[in-house]
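>
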Amino acid sequence: MSGKLIIGIVIMSTLGIVGLAVWQQQKRLPELEARRPAPPVTPPPGLLGKDGKNQSGPLDFAALFGNLKPAKQECFREKFGQERLNQMLANQAFVPAPEDNSIIGECLLAGATFQESAPSTTTESAGP
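Numbering (our numbering), first residue to last: 697 to 824.
#1: What does a CB cutoff of less than 6 Å around residue 784 pick up in its chain, not counting 5 residues either side in sequence?
#2: Keeping to the same chain, check which residues put their C-beta closer than 6 Å to that of residue 760; ignore five residues upstream and five downstream.
#3: Mapping DSSP to helix, strand and coil, what is residue 757?
#4: Does DSSP put residue 765 in a helix, in a strand, or in coil?
#5: So which of 797, 780, 770 and 795 has the shortest CA-CA distance to residue 807?
#6: Looking at the unbroken alpha helix (DSSP H) that takes in residue 718, where does it start and where does it end?
#7: Under the assumption that residue 764 contacts residue 773 (Cβ atoms under 8 Å), give the Cβ distance between them as a whole number of angstroms.
#8: Given residue 799, which residues of its chain have a CB within under 6 Å of its CB, disregarding the five upstream and five downstream residues?
#9: Check residue 781 in the structure and name its three-state DSSP category.
Written out as structure tokens, the structure reads:
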């Protein structure tokens, strides 16, 4: 009987000590998180300037255009006209106007099909 009592006391003491340690750490968690430095954020490739610093300038439209499929490039040619498109591609500091943004969005989304996923109303039968 005394062996079971001793084992019970040891187990309860161990659980109490572990519980107290966890409680102490949880109390310190906000302080520890505040002292922890923020993880470094690395921008995606292509967003750094030539000097290696973050680019605060406009998007490189020529690089975007060059990565598009021919069908989407043709949409830009139709909407802007070849002369205007050449001006936009030549200007590295190109900042699109609001009407340009709508055309850019329209051409980038050209051919995209969006389907709403409706909840399935059919039930499968177990067979004949």
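Note that the Cβ used here is the ideal one computed from N, Cα and C, for glycine as well.
Once the coordinates are examined:
#1: 757 and 790
#2: none
#3: Here residue 757 sits in helix by DSSP.
#4: coil
#5: 770
#6: 698 to 731
#7: That pair is no contact at about 11 Å.
#8: 775
#9: Correct three-state label for residue 781: helix.
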